[in-house]
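The numbers in UniProt numbering rise by one with no breaks, and the one at position 243 of the sequence shown is 243.
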Amino acid sequence: MHYRPVTCHRDAKNIKSFVLSCAFPKEPAGGEVTVTHLHAGGEAYFRCFTGYKLQGPKMLTCRNATTPYWSGKEPRCVASCGGMMKNATYGRIVSPGFPGNYSNNLTCHWVLEAPEDHRLHIHFEKVALAEDDDRLLIKNGNNIDSPPLYDSYEVEYLPNEGVLSTGRYLFVEFTTDGTMTSTGAAVRYEAFAKGMCYEPFVKYGNFSGSDSTYSVGALVEFSCDPGYTLEQGSVVIECVDAQNPQWNETEPACRAVCSGEITDSAGVVLSPNWPEAYDKGQDCIWGIHVEEDKRIMLDIQVLNVGKNDLLTFYDGDDLTANILGQYSGTRPHFKLYTSMADVTIQFQSDPATNIYGYNNGFVVHFFEVPRNDTCSELPEITNGWKSTSHPDLIHGTVITYQCYPGYELVGSEILMCQWDLTWSGDVPRCQEVMTCQDPGNVEHSHKVITGNRFTVGSTVQFICNKGYILSGSSLLTCYNRDSATPKWNERLPKCAPEKYEPCRNPGAASTSVQSSEKAFYQAGEMLTFSCHSGYELQGGATIYCIPGHPSQWNSTPPACKVVNMDYSMEGTNIALAVLIPTAIILVVVLGIYVYFAKLQGKTIRMPTSLPPYDNMTEESAFDNPIYESGVSTDVMSISFF
1 MHYRPVTCHR
11 DAKNIKSFVL
21 SCAFPKEPAG
31 GEVTVTHLHA
41 GGEAYFRCFT
51 GYKLQGPKML
61 TCRNATTPYW
71 SGKEPRCVAS
81 CGGMMKNATY
91 GRIVSPGFPG
101 NYSNNLTCHW
111 VLEAPEDHRL
121 HIHFEKVALA
131 EDDDRLLIKN
141 GNNIDSPPLY
151 DSYEVEYLPN
161 EGVLSTGRYL
171 FVEFTTDGTM
181 TSTGAAVRYE
191 AFAKGMCYEP
201 FVKYGNFSGS
211 DSTYSVGALV
221 EFSCDPGYTL
231 EQGSVVIECV
241 DAQNPQWNET
251 EPACRAVCSG
261 EITDSAGVVL
271 SPNWPEAYDK
281 GQDCIWGIHV
291 EEDKRIMLDI
301 QVLNVGKNDL
311 LTFYDGDDLT
321 ANILGQYSGT
331 RPHFKLYTSM
341 ADVTIQFQSD
351 PATNIYGYNN
361 GFVVHFFEVP
371 RNDTCSELPE
381 ITNGWKSTSH
391 PDLIHGTVIT
401 YQCYPGYELV
411 GSEILMCQWD
421 LTWSGDVPRC
431 QEVMTCQDPG
441 NVEHSHKVIT
451 GNRFTVGSTV
461 QFICNKGYIL
471 SGSSLLTCYN
481 RDSATPKWNE
491 RLPKCAPEKY
501 EPCRNPGAAS
511 TSVQSSEKAF
521 YQAGEMLTFS
531 CHSGYELQGG
541 ATIYCIPGHP
551 SQWNSTPPAC
561 KVVNMDYSME
571 GTNIALAVLI
581 PTAIILVVVL
591 GIYVYFAKLQ
601 GKTIRMPTSL
611 PPYDNMTEES
621 AFDNPIYESG
631 VSTDVMSISF
641 F
C-alpha cells in the first residue's frame, strides 16, 4: 500500500489527509502491464506476448475505498494452440500449459512470417515430450506440406545451433495423443536480415557483441548467470562468410551442474538443472573456498527437495568435517555460518523417486565474511536508531533498534551476538504507522466502525444505550500527524444515565392533605392526597411525576368537596319509613284480637290490689291448696268470662 500526502487549506487551518493508492498489479507470465497511475481512477493495461492470448480483462481501474483496490483480478497470458504470426521479429512459441504439462489430443499449428527480405532462426529452449506419439515438427515453409527442418521423431538430441529458414516462413506443428503427457516445448524465434547473422541467445546467461546488427565480422562473448556453467559451445563466436553469413561456432549453453569447486568471494550454488527438476539418484558435491582469514555465510533462499533427498553442509573442505546442518523436504529461508574459510555442500537425491516441475531443488547464496571474535557490524535503519551494549560487538553484545515517532518497528527489536558470532536475527526496519490504536469501548454503548484496522481516515461512532445520554463527541476520526503516530481527534465520550428535571410541588387546597410535603419530587415519584373530615375526594388519590424535559405530573391534584346533609338524613328517613307502617300494623292486629274476644263473652279481669306478701305467715302461705297441688299462678292472672 502506498500513501500520497495532500494538504488542504480551509478557514486558515491546515488539514492534512492521505490519499491511498492501489498496489502495482501483478504482471502476467508471458505478457506485460502498463499503468497510468496508481491512485483512484488509474488504469492498468495488460498485453500478452506473441504466442499467448489474454484470459481475463484487458484493463483494470483503481477504485476508491478505505483500501483502494483494482476493479478485477489480474488476467493471465495463456499459451495458444497455434496461430499466425505476421511480421514476426522476435518472440516465443510454447506448448499449451507450459511450463506445466500439456493436455492430450492436441493438434497445434503455428505459421511464422518474417518481414520482407528477412529469414527466421529458431532456438530450442526446452523440448520434453512423452515417450509415445507426441511430436514436434518445424518445417521450412508456410504449410503442412513444407519440408521438415526438425522432427522430434527423427532426432535424439536438440540441435544446439537451432534451425534456420531459407525464406521468410516457418511452419511449427505440435501434436499429442490420448495417453501420457509431459512438459512440452518452448522455442524462441527471431528474424534477421539477409547478409547478417541471426541474434544469438543463451538461456540463463548474457552476451555482449561488437556489432548490434551482427554483420560479418561481429564478435559475441557469452557469460552465465551466477550458479550456472557454460557448456557445449564457445565463449566467443564470430559471424563469418559474406556469401552465407553464419556463426563460426554454436552458442554455448548455461546449466546448473552437479558438483564443482568455487573460489569466488560470493556466488550461488544451485540444484542440478535449476529451475527445472533435478534427476533421481544424483550425488553432487560442491567445495567453496575463500581467503584464509575469512569465513563463509550461507544464505539458503530456496529449499524444496524430496523427503528422501538430503542436502548436507560440512564446516570444512571435505566430508569428514563437522556437519553444520542436514536437511530434506521443504524449509523456509534460513542462514548458516562456517567457522573457517571452507565449506562443502553435498546433495543426494533418492534413486527411486523422480521430482517433477519447476522450482523444485535449492538455491544457496554464499558470501565471504570477516573471521574474528566479534560479530559483523550492523547497519543503521532509516527513520530510527540503534544502541549498542558493547562497542566491540563481542559475544553477548546486544543491539537495540528503535524507531522515530510516527514509525513502528517491523522485526526483532533486540539482536544478540551469539556464540558462533552470528546475530540472533535479521536487521529490522521502521515502517510508517498509518493506523490508530483501538480506542476501546465506552460503557453502556455500542460502536460503529468505518474503515479497516483503524487506518488514517477511518471513524468510530459511539451510540449510547437507551436510558443513557452521551457526554462528549460521538464520532472519532483517525488522523495523521507529521512527527508522531496517528491518533484520534477526540477523547472517548461517556454514556451517563439520563437525568430529568424534578416536578414542582403541585400544591394542595386547604381542605386536602398531601402524603409528603416538599418543594420538588423526582421523576417517577408519586404523591397521594386525602381530604379533611366532612369532605370527600373528587378524582384519583395518587398522581405521578412523569420523566421528561421538563418532567410533569400525570394529572392535576384531586379536589375535596363538602359532604351534603340531605344525604346524612337518608338513614333516619329509611328507618321511619319501615317502623311507622310496622307499628300501625301491630295496633290493627291487636284491635282485631280484642274485638273478637268480646264477641265471645269473655272478660278481662285484672286484680285491683294484690295481698301484701309481708302480711302472710309462713304457715298460711304454704297452707294454700294451690301450692300443695304444685300449681302456680302469676302475680296477675287474666280470666275471660
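C-beta atoms are modelled at their ideal positions from N, C-alpha and C, and glycine is treated no differently.
Every value quoted in this text rests on a predicted model; they were computed, and no experiment measured them.
Spatial distance of residue i from residue j (CA atoms)
i, j, result
"L20", "P486", "15 Å"
"P428", "P405", "16 Å"
"A191", "D132", "33 Å"
"T459", "T67", "14 Å"
"T36", "E43", "6 Å"
"S510", "C560", "9 Å"
"A597", "L590", "11 Å"
"S533", "A496", "48 Å"
"M606", "L579", "Note on M606: pLDDT 48, under 50, position unreliable in the model; the coordinate value appears next. Spanning the two alpha carbons is a distance of roughly 31 Å."
"L270", "G260", "11 Å"
"D283", "L106", "38 Å"
"E408", "F366", "31 Å"
"W385", "P391", "15 Å"
"G281", "A352", "7 Å"
"H121", "A29", "23 Å"
"A277", "V305", "10 Å"
"G467", "S445", "11 Å"
"N143", "I93", "17 Å"
"E231", "A253", "5 Å"
"H395", "D420", "8 Å"
"A193", "V257", "36 Å"
"K335", "Y52", "39 Å"
"T312", "L298", "12 Å"
"E501", "S412", "59 Å"
"N308", "G217", "52 Å"
"T229", "N354", "24 Å"
"E154", "C108", "19 Å"
"L149", "G141", "10 Å"
"L129", "S146", "23 Å"
"V448", "N465", "13 Å"
Start-to-end residues for the beta strand (DSSP E) that takes in residue i
i, result
"T107", "107-113"
"M297", "294-304"
"K335", "334-337"
"F201", "Premise fails: F201 is in no beta strand (DSSP E) and is neither H nor E."
"L219", "219-224"
"residue 680", "Nothing about residue 680 can be read from this structure; the chain reaches only from 1 to 641."
"L149", "148-151"
Which listed residue (the options) has its alpha carbon closest to that of residue i
i, options, result
"V442", "L470, A256, G217", "L470"
"V369", "L378, G361, V363, N480", "L378"
"H289", "R255, C254, I345, S328", "I345"
"P540", "I546, H549, S530", "One point to set straight first is that residue 540 is Gly, not Pro, in the sequence displayed. Minimum Cα distance to G540 is reached at S530."
"V302", "Y52, T320, G329", "G329"
"Y544", "E498, N505, N360", "N505"
"D134", "Y102, P115, N160", "Y102"
"K86", "C430, P159, N244, R168", "R168"
"residue 662", "L112, R76, T528, E501", "No information on residue 662 is available, as it lies outside the stretch 1 to 641 that the chain covers here."
"V433", "D482, P75, W274", "D482"
"residue 643", "F49, H39, S80, E199", "Examination of residue 643 is not possible in this model, given that the chain is present from 1 through 641 alone."
"W274", "G507, Y204, L586, L149", "Y204"
"T183", "P25, E490, V343, F98", "F98"
Bridge partners - residue i, DSSP secondary structure assignment
i, result
"M416", "V398"
"F313", "G325, I345"
"G287", "E261, T344"
"R168", "DSSP lists no partner for R168."
"K126", "A186"
"C239", "W247"
"D134", "Paired residue(s): none; D134 is not in a bridge."
"I274", "Looking at the sequence provided, one finds Trp at residue 274 rather than Ile. None; W274 has no bridge partner."
"E432", "Y407"
"K139", "P148, F171"
"S234", "In DSSP, S234 forms no bridge with anything."
"V369", "R295"
"C254", "L230"
Chain C contact for residue i (CB, 7 Å cutoff)
i, result
"T181", "Structure shown: chain C not included; a single protein chain is present."
Taking the runs of the beta strand (DSSP E) that are 3 residues or longer, which of them lie wholly in the segment 31-115? 31-35, 43-48, 52-55, 59-63, 76-79, 83-85, 90-94, 107-113
If we require 3 or more residues per run, which beta strand (DSSP E) segments fall completely within the UniProt domain "Sushi" (434-497)? 445-450, 459-464, 468-471, 475-481, 484-488, 494-497
At what residue ranges does the UniProt domain "Sushi" (501-562) contain a whole run of the beta strand (DSSP E), taking only runs of 3 or more? 512-514, 526-531, 535-538, 542-546, 559-562
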